[in-house]
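So the structure is just underneath, and the comments pick up after that.
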Amino acid sequence: MISRHVFKVYVVDKLSTFFDIPSDGEAKELYELFKNTNEPVMFRATEILTKKHRYKSFPLPAEFDSAIQEAREEHTRDSIDPDIPRENCYVCYGMGIQTKERNGRKVAVPCGCSAGKIIAKAWAEYDMSRRRRI
Ligand SMILES: [Zn+2]
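To convert, note that position 50 of the sequence shown is 58 in my numbering; the numbers rise steadily by one, no gaps.
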């Protein structure tokens with residue numbers, strides 16, 4: 009979950025430098041709607057909005073929604089990109105784990121970067137030793 013502070017500074021304030029400043033009520037509504045978005049996805053969606061939103065008015069929730077969708081698709085593509093050094097990984101910030109939606113549930117999966125590969129290997133070994141069924 010994105011903190012109120014991060015959402016204000018990196019999403020609302022950033023967009024307010026390009027567009028009209030939203031009212032407190034509007035900003036609060038946006039936070040409630042999108043606070044569960046994965047942080048890197050939200051930051052990318054913010055960038056997409058700065059490029060695609062063509063009006064002076066602050067982007068509408070529906071526009072946020074489609075920008076998040078677009079960012080999420082990019083994110084899924086990028087995260088299977090191999091050989092990203094962990095320190096350059098903006099998906100997991102070097103943690104090696106990212107969350108993905110699977111059948112409507114959030115699950116932790118290894119990231120595609122070098123840190124993620126170490127975790128994937130450790131998890132595979134653990135699964136083998138437990139003979140766990142997935
Ligand atoms: Zn990563």
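Just so you know, even glycine gets a beta-carbon here, dropped at the ideal spot from N, CA and C.
- Three or more beta-carbon pairs separated by less than 8 Å are not found between the region 91-100 and the region 31-41, which leaves the two stretches without contact.
- Fully contained in the region 77-129 are the following beta strand (DSSP E) runs of length 3 or more, in chain order: 105-110 and 113-118.
- In this structure, N46 is the residue among Y18, F15, N46 and E55 with its C-alpha nearest to the C-alpha of I105.
- Counting along the chain, Y63 sits inside no alpha helix (DSSP H), nor does DSSP assign it H or E at all.
- Close CB contacts of H83 within its chain, under the 6 Å cut and outside five residues either way in sequence, are with V49 (chain order).
- The three-state reading of DSSP puts K36 in helix, counting H, G and I together.
- Rounded to whole angstroms, the separation of the alpha carbons of T107 and C121 is 14 Å.
- Contact between H61 and P69 is ruled out by a C-beta separation of about 12 Å, above the 8 Å threshold.
- According to the DSSP assignment, S24 belongs to the alpha helix (DSSP H) that extends over D21 to S24.
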